[in-house]
Amino acid sequence: MNKAPWIFLGVLFALSLSWWGMVYGPASQVNNLSAELGGGAALKPRVGLAKQGEQVYRENGCYYCHTRIAIGGTFGYEIQITQLGDDQQINEEVVGEDYSTQPVFKKAYAYKAVAKATDALKAEQAKKPEERDEAKIGDANATLISAKAKAGAHGDDVEVNLIAYGVSGVNFEPDLRAQLGLPAEMNTNQVEMVSNARFPVTDGSQKWEDIEGIVRKLKDKAGAQFKLQPVAKEWPDVQRGARRQSVSRDFLFDAHAMVGVMRVGPDLSSQGSKIAPLDKKNGVPVNTIEADNKFYKHLYDPQWNGESSHMPPFRYLFRERTLDEDALAGSGEIIIEKGDAAKVAIIPTAKARALLAYMKSLRTDKSLPEAPLVNLPKQASAK
Amino acid sequence: MSENTENNAPPAPEAKPEAINASCRLPVLFLFFSAAIWAVQASAAGVLGSLKLHVPGFLADCPYLTYGRMQAGVWVAFLFGFAGNAGLGLTLWMLSRLRGMELARPGVVMAGAVMWNIGVTAALVGITLGDQPGIAGYELPAYSSRVLLIGQALIAFSAILTFFSRRHKQLYPSSWYLIASLVAFPWIVGTAHWLLVETPVRGAAQIPVAHWAVTSLQQIWLGCIGLASLIYFIPKITQRELYSRQWAAFGFWMLLILGGWVNLNSGSPLPVWSVKLSQFASMLFVFVLVAVGWNLCQTAKGVPLIGSEDLTLKFMGVSLVSWLVVSLYTVGNSMADWNGLLQFTYAGTAMRQLFSWGFFAMAMFGAIYYVAPRLFGSEVDWACSGTYKWVFYLTAFGAAVVGLAGLGLSYGHGDALTNVETLEVVKKALMPMRIAFMGELAFLGASLIFLCSMACLLFRNCCGECSPMSLIRQCCPAKAEGGAE
Numbered sequence: 001m002n003k004a005p006w007i008f009l010g011v012l013f014a015l016s017l018s019w020w021g022m023v024y025g026p027a028s029q030v031n032n033l034s035a036e037l038g039g040g041a042a043l044k045p046r047v048g049l050a051k052q053g054e055q056v057y058r059e060n061g062c063y064y065c066h067t068r069i070a071i072g073g074t075f076g077y078e079i080q081i082t083q084l085g086d087d088q089q090i091n092e093e094v095v096g097e098d099y100s101t102q103p104v105f106k107k108a109y110a111y112k113a114v115a116k117a118t119d120a121l122k123a124e125q126a127k128k129p130e131e132r133d134e135a136k137i138g139d140a141n142a143t144l145i146s147a148k149a150k151a152g153a154h155g156d157d158v159e160v161n162l163i164a165y166g167v168s169g170v171n172f173e174p175d176l177r178a179q180l181g182l183p184a185e186m187n188t189n190q191v192e193m194v195s196n197a198r199f200p201v202t203d204g205s206q207k208w209e210d211i212e213g214i215v216r217k218l219k220d221k222a223g224a225q226f227k228l229q230p231v232a233k234e235w236p237d238v239q240r241g242a243r244r245q246s247v248s249r250d251f252l253f254d255a256h257a258m259v260g261v262m263r264v265g266p267d268l269s270s271q272g273s274k275i276a277p278l279d280k281k282n283g284v285p286v287n288t289i290e291a292d293n294k295f296y297k298h299l300y301d302p303q304w305n306g307e308s309s310h311m312p313p314f315r316y317l318f319r320e321r322t323l324d325e326d327a328l329a330g331s332g333e334i335i336i337e338k339g340d341a342a343k344v345a346i347i348p349t350a351k352a353r354a355l356l357a358y359m360k361s362l363r364t365d366k367s368l369p370e371a372p373l374v375n376l377p378k379q380a381s382a383k
Numbered sequence: 384m385s386e387n388t389e390n391n392a393p394p395a396p397e398a399k400p401e402a403i404n405a406s407c408r409l410p411v412l413f414l415f416f417s418a419a420i421w422a423v424q425a426s427a428a429g430v431l432g433s434l435k436l437h438v439p440g441f442l443a444d445c446p447y448l449t450y451g452r453m454q455a456g457v458w459v460a461f462l463f464g465f466a467g468n469a470g471l472g473l474t475l476w477m478l479s480r481l482r483g484m485e486l487a488r489p490g491v492v493m494a495g496a497v498m499w500n501i502g503v504t505a506a507l508v509g510i511t512l513g514d515q516p517g518i519a520g521y522e523l524p525a526y527s528s529r530v531l532l533i534g535q536a537l538i539a540f541s542a543i544l545t546f547f548s549r550r551h552k553q554l555y556p557s558s559w560y561l562i563a564s565l566v567a568f569p570w571i572v573g574t575a576h577w578l579l580v581e582t583p584v585r586g587a588a589q590i591p592v593a594h595w596a597v598t599s600l601q602q603i604w605l606g607c608i609g610l611a612s613l614i615y616f617i618p619k620i621t622q623r624e625l626y627s628r629q630w631a632a633f634g635f636w637m638l639l640i641l642g643g644w645v646n647l648n649s650g651s652p653l654p655v656w657s658v659k660l661s662q663f664a665s666m667l668f669v670f671v672l673v674a675v676g677w678n679l680c681q682t683a684k685g686v687p688l689i690g691s692e693d694l695t696l697k698f699m700g701v702s703l704v705s706w707l708v709v710s711l712y713t714v715g716n717s718m719a720d721w722n723g724l725l726q727f728t729y730a731g732t733a734m735r736q737l738f739s740w741g742f743f744a745m746a747m748f749g750a751i752y753y754v755a756p757r758l759f760g761s762e763v764d765w766a767c768s769g770t771y772k773w774v775f776y777l778t779a780f781g782a783a784v785v786g787l788a789g790l791g792l793s794y795g796h797g798d799a800l801t802n803v804e805t806l807e808v809v810k811k812a813l814m815p816m817r818i819a820f821m822g823e824l825a826f827l828g829a830s831l832i833f834l835c836s837m838a839c840l841l842f843r844n845c846c847g848e849c850s851p852m853s854l855i856r857q858c859c860p861a862k863a864e865g866g867a868e
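Sequences listed follow chains A and B, in order.
Numbered per the working numbering, the first sequence spans residues 1 to 383.
Numbered per the working numbering, the second sequence spans residues 384 to 868.
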């Protein structure tokens, strides 16, 4: 420690360690992340107004009071069977009595039996006349009638029937569907219900260790197809509206990765989903003037509707004029009425509109392979 | 602190302290006085910013004074304005004294100091206009970081020339820290400038780079200068040898190795391995804490630092305690649960304030209290040394209030964030900041007194008979005698 050049070299070496570890390592890994999500889908860069809005967010220093990170929490797994295996007895053993006695399960195997009997009958009927055995056809027909009767014995709830039809993995002709309590002609919703049918065989509170055995048996023994759906246990950010944890790829196309300092205001990682929630059918954000105006009003005067908010007003992002009692708003104007105060009409400037577009771009409602969507527990979601 | 010369190669003759002080006078005083101005700017903006947080409608119609812009400006004014100027000034003086040589090329230092202050001013103007890069803790626009790098290079050039102008058998540990601070600054700011501002990497990759730059600036750059002054002044004033060079060396290398890794939030959207590595580094930071803390405590064993009669030692005592508290917090960040609870609360900001004001500013105030009068000569003292005590009291009070509010009351906010049932999240978030506001007022008071003291010292001693203080003194008796006014 007495030779100055060695101190210099040592300092450079010591600094380079943390530089490689905290700059080069993570940055090169994260810098190489792909926008591809698989299946032809990809993350899209922020463009247009939303991109300009990112600059408005930055220059006003909004990141000092708001974060943009939905952090992780504790969760359990719900095993959702998408297609039951062929052997009913083994599947019953694996899923347990609680689930194997449910109408969906029973009905699904009844549908499987009907499909099997139908196939057997068709196979007999398809034989050449000289090879055809009328006794066998009679037996197959009887089996089919019996199977149809069993299928009808487990209730007439169409929704249950559709889910059972979906997880059974069979395919019926329209006339046969009608005989089995299913719609002969299915509308879009019903088709979707069948294709997305899930039969949960755990309640979502189990850890991986608890379900590992069931997963192995379902896969290796029962031959069922299933997916694991995370269900939030103690996950405050999900309970507050985020759909999943924020990950590096959420910041992939940010010009400035402003993760945020403090949560004096709410976390904004899912703000887009709150202003413009996804349409359940086509997965496209639904923009409404009401939601947009609510955001503008909040930005102009955070306490406009008597809300307790500590956000400062950003009035300079609007053009405003006071209205007389009976005056009407002009085109594009938003009226703010607050208690006894005079009515005010505001028009958002380009910066306010850009900020709204940026807010709408902050979303966690699309699943990523490394961050799947998380469901709320059934009781909580019912609330 | 003895520095033996080598037997086989006699070093250049050691310069007299008076000559060293004279060589440092102009550039170092310029840096110290600039630091005093920036300290007032930083603390005043801090008070104004906090006021905006407590009264959201206050100055809300002025786009240049949003809370976010003010917070960015506060940190830049403190870090590069106050800390940069004071730290570089002290570095030059300490290196000259430790090497026993006059400051080399003081003109170059002056040029560097002017450049540095232009850079800080440009940064603050840029932030006010909305040019900050959006990285909390590193808010330098591209144009200002270029100027700052040139300014620092000029000052470091003089420091390096001074350092190599004389050979010693032993380098005192403070020299290691000062060299490290001179090397670390261009590395850190250069990396941040190129990877975050000039040619920014992709958004996701900016997160680890920004964290490294911000943490390194605080832990390594400021930490090295602050600890150098503690290791220099505590033994010097207590007139003892440093307890252990080995402990000092261990603490020094561990600080350099670990300083850039620590304090990454457990919720950061980064690869898990980097978060875990940061937690591991935060845990290892206990070695830095023990090595430096134990060494200095043993050096000052039996001497009450904070209760000492010597004001510089008092400053150093509070500075050491603050550094130990912040380092403990850093070690605490290795626990994911603790970090998870506090990561989005005021605790992190409070610890940064405690580090800046409680540790670094205290060390600088104490060092400047010792150094500045000596630059004019051995017989010069502060104009009103009694008032300088208030710099100590107010800064210590402010640091204690901010630290206690941040550590004690942020749990409520953290708990509210993790408990969905809690409705009053904002109320709980603001509670520690409301209390810390008193601390910020104290910082402002301390900065104003510091600036006034520096101004008095300069005016009284800078210009001889033409100094404002001399003119006032000459005028007062004349008035009393009914003479010409």
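Yeah, the Cβ is synthetic: ideal placement off N, Cα and C, and Gly gets one too.
All values derive from a computational prediction rather than experimental measurement.
Count Cβ pairs between the segment 583–600 of chain B and the segment 676–687 of chain B that sit closer than 8 Å; are there 3 or more?
Taking 8 Å as the limit for Cβ pairs, the verdict is that the segment 676–687 of chain B does not touch the segment 583–600 of chain B.
Spatial neighbours of glycine 166(A) within its chain, please: CB distance less than 6 Å, with the 5 preceding and 5 following residues excluded, ordered by chain position.
Numbered from its first residue, the first sequence carries residue 166(A) at position 166. Same-chain partners within the cutoff: Val194 and Ala197.
Let me see if you follow: with CB-CB separation under 8 Å, is threonine 574(B) close to chain A or not?
Translated into the one-based positions of the second sequence, residue 574(B) becomes position 191. Chain A contact via Cβ: present.
Evaluate the contact criterion for the segment 666–674 of chain B versus the segment 639–653 of chain B: three or more CB pairs, one atom per stretch, below 8 Å.
The segment 639–653 of chain B and the segment 666–674 of chain B touch, with three or more beta-carbon pairs separated by less than 8 Å.
Have a look at the DSSP bridge pairing and note the partners of asparagine 375(A).
Stepping through the first sequence from its first residue, residue 375(A) is reached at position 375. Asparagine 375(A) pairs with Val231(A).
Listed in chain order, which residues of the segment 62–82 of chain A have Cβ atoms closer than 8 Å to some Cβ of chain B?
Listed by position, the residues of the segment 62–82 of chain A near chain B (Cβ gap below 8 Å) are Cys62, Tyr63, Tyr64, Cys65, Thr67, Ile69, Ile71 and Gly72.
Selection from Val259(A), Leu278(A), Val56(A) and Gln225(A) that minimises the alpha carbon distance to serine 248(A)
Position 248 of the first sequence, counting from 1, holds the residue named residue 248(A). Nearest to serine 248(A) by C-alpha distance, out of Val259(A), Leu278(A), Val56(A) and Gln225(A), is Val259(A).
Jot down the residue ranges of each uninterrupted alpha helix (DSSP H) in the segment 293–375 of chain A, minimum 4 residues, whole runs only, in chain order.
If we require 4 residues or more, the alpha helix (DSSP H) runs fully inside the segment 293–375 of chain A come out as 350–360.
Three or more C-beta pairs closer than 8 Å, one from the segment 518–535 of chain B and one from the segment 455–464 of chain B: is that the case here?
Yes, the segment 518–535 of chain B is in contact with the segment 455–464 of chain B.
DSSP state of glycine 61(A) mapped onto helix, strand, coil
Locating residue 61(A) in the first sequence gives position 61, counting from the first residue. Reduced to three states, the DSSP call for glycine 61(A) is coil.
Could you tell me which uninterrupted alpha helix (DSSP H) segments, each at least 4 residues in length, are contained entirely in the segment 198–278 of chain A, listed from first to last along the chain?
Runs of the alpha helix (DSSP H) inside the segment 198–278 of chain A: 208–217, 236–239 and 271–275.
6 Å Cβ shell around alanine 567(B) - same chain, five flanking residues per side excluded
Residue numbering aside, residue 567(B) sits at position 184 when the second sequence is read from its first letter. So the qualifying residues of the chain are Ile603 and Trp604.
Under 7 Å by beta carbon: chain B residues contacting methionine 311(A):
If you number the first sequence from 1, residue 311(A) lands on position 311. Those within 7 Å of methionine 311(A) in chain B are Pro439.
Does chain B have any CB closer than 8 Å to the CB of alanine 382(A)?
Here residue 382(A) refers to the residue found at position 382 of the first sequence. At alanine 382(A), the pLDDT of 38 sits below 50, so the modelled position is not reliable; the number obtained from the coordinates is stated separately. Contact with chain B is absent for alanine 382(A), since none of that chain's Cβ atoms lies less than 8 Å from the residue's Cβ.
Work out the CA separation of alanine 418(B) and arginine 549(B) for me, nearest whole Å.
On the second sequence, residue 549(B) is found 166 positions in, with the first residue counted as 1. On the second sequence, residue 418(B) is found 35 positions in, with the first residue counted as 1. Rounded to the nearest angstrom, the two C-alpha atoms are 29 Å apart.
Among the residues of its own chain, which have a CB less than 7 Å from the CB of alanine 242(A), if the five just before and after it don't count?
The residue given as residue 242(A) occupies position 242 in the first sequence. Excluding sequence neighbours, alanine 242(A) sits near Ala70, Ser269, Ser270 and Thr364.
Can you have a look at glutamate 124(A) and say buried or exposed, based on whether 16 or more other CB atoms are within 10 angstroms of its CB?
Taking the first residue of the first sequence as position 1, residue 124(A) is located at position 124. Answer is buried; the Cβ neighbour count reaches 16.
Expected contact under 8 Å - CB spacing of glycine 204(A) and glutamine 83(A) to nearest Å
In the first sequence, counting from the first residue as 1, residue 204(A) sits at position 204. In the first sequence, counting from the first residue as 1, residue 83(A) sits at position 83. With a beta-carbon spacing of about 20 Å, glycine 204(A) and glutamine 83(A) fall beyond the 8 Å limit used to define contacts.
Under the three-state DSSP convention, the category glutamine 601(B) falls into
Taking the first residue of the second sequence as position 1, residue 601(B) is located at position 218. In the structure shown, glutamine 601(B) sits in a helix (DSSP, three-state: H, G or I).
Proximal chain A residues relative to tryptophan 630(B), where beta-carbon distance stays under 9 Å
Taking the second sequence and counting its residues from 1, one reaches residue 630(B) at position 247. What tryptophan 630(B) touches in chain A, judged by beta-carbon distance under 9 Å, is nothing: the nearest beta carbon there is about 12 Å away.
Could you name the residues that DSSP lists as bridge partners for glutamine 80(A)?
Translated into positions along the first sequence, residue 80(A) becomes position 80. Paired residue(s): Pro200(A) and Lys227(A).
Measuring only the C-alpha atoms, how far is aspartate 764(B) from alanine 14(A)?
Looking up residue 764(B) in the second sequence gives position 381. Looking up residue 14(A) in the first sequence gives position 14. Rounded to whole angstroms, aspartate 764(B) and alanine 14(A) show a C-alpha spacing of 41 Å.
I want to see whether chain C comes within less than 8 Å of glutamine 454(B), judged by CB atoms only; does it?
Structure shown: chain C not included; protein chains present are A and B.
Any beta-carbon of chain A closer than 8 Å to the one on alanine 542(B)?
Here residue 542(B) is taken as the residue at index 159 of the second sequence, counted from 1. Not one chain A Cβ lies under 8 Å of alanine 542(B).
Sheet register partners of phenylalanine 75(A) (DSSP bridge)
For the purposes of this step, residue 75(A) is taken as the residue at position 75 of the first sequence. Residue pairing by DSSP places phenylalanine 75(A) opposite Ala232(A) in a beta bridge.
Do you know how far the Cα of alanine 719(B) is from the Cα of lysine 281(A)?
Taking the first residue of the first sequence as position 1, residue 281(A) is located at position 281. Taking the first residue of the second sequence as position 1, residue 719(B) is located at position 336. Lysine 281(A) and alanine 719(B) have their C-alpha atoms spaced approximately 40 Å apart.
Cβ contact (3+ pairs, closer than 8 Å) linking the segment 74–92 of chain A and the segment 214–232 of chain A
Contact between the segment 74–92 of chain A and the segment 214–232 of chain A is present, because at least three Cβ pairs lie under 8 Å.
Decide if phenylalanine 775(B) is buried, meaning its Cβ has at least 16 other Cβ atoms within 10 Å, or exposed.
If you number the second sequence from 1, residue 775(B) lands on position 392. Around the C-beta of phenylalanine 775(B), 16 or more other C-beta atoms lie within 10 Å, and the residue is accordingly described as buried.
Range of the contiguous alpha helix (DSSP H) that encloses leucine 561(B):
Here the question's residue 561(B) lines up with position 178 in the second sequence. Note, leucine 561(B): alpha helix (DSSP H), 556–575.
Could you check which residue in Lys112(A), Gly73(A), Trp20(A) and Asn60(A) has the C-alpha nearest to that of lysine 207(A)?
Along the first sequence, one-based indexing puts residue 207(A) at 207. Checked all of Lys112(A), Gly73(A), Trp20(A) and Asn60(A); the closest Cα to lysine 207(A) is Gly73(A).
Proximity of leucine 376(A) and alanine 224(A) at Cβ, strictly below 8 Å
For the purposes of this step, residue 376(A) is taken as the residue at position 376 of the first sequence. For the purposes of this step, residue 224(A) is taken as the residue at position 224 of the first sequence. By the CB criterion at 8 Å, leucine 376(A) and alanine 224(A) fall outside the cutoff.
Using only CA atoms, which one of Phe842(B), Gly483(B), Phe727(B) and Val714(B) lies nearest to leucine 667(B)?
Position 284 of the second sequence, counted from the first residue, corresponds to residue 667(B). Looking at the Cα atoms, Val714(B) is the closest of the given residues.
Can you name, in chain order, every residue of its own chain whose Cβ lies under 8 Å from the Cβ of arginine 488(B), other than the five neighbours on each side?
Taking the first residue of the second sequence as 1, we reach residue 488(B) at position 105. For arginine 488(B), where only same-chain residues beyond five positions count, the Cβ hits under 8 Å are Phe540, Ser541 and Leu544.
Which word fits valine 191(A), buried or exposed, when buried means at least 16 other C-beta atoms lie within 10 angstroms of its C-beta?
Looking up residue 191(A) in the first sequence gives position 191. Around the beta-carbon of valine 191(A), fewer than 16 other beta-carbon atoms lie within 10 Å, marking it exposed.
Provide the residue(s) that pair with alanine 41(A) in DSSP beta bridges, ordered along the chain.
Numbered from its first residue, the first sequence carries residue 41(A) at position 41. Answer is Gly38(A).
Extent of the continuous alpha helix (DSSP H) to which glutamine 662(B) belongs:
Position 279 of the second sequence, counted from the start, is the residue given in the question as residue 662(B). Taken as a continuous stretch (DSSP letters only), the alpha helix (DSSP H) holding glutamine 662(B) covers 655–682.
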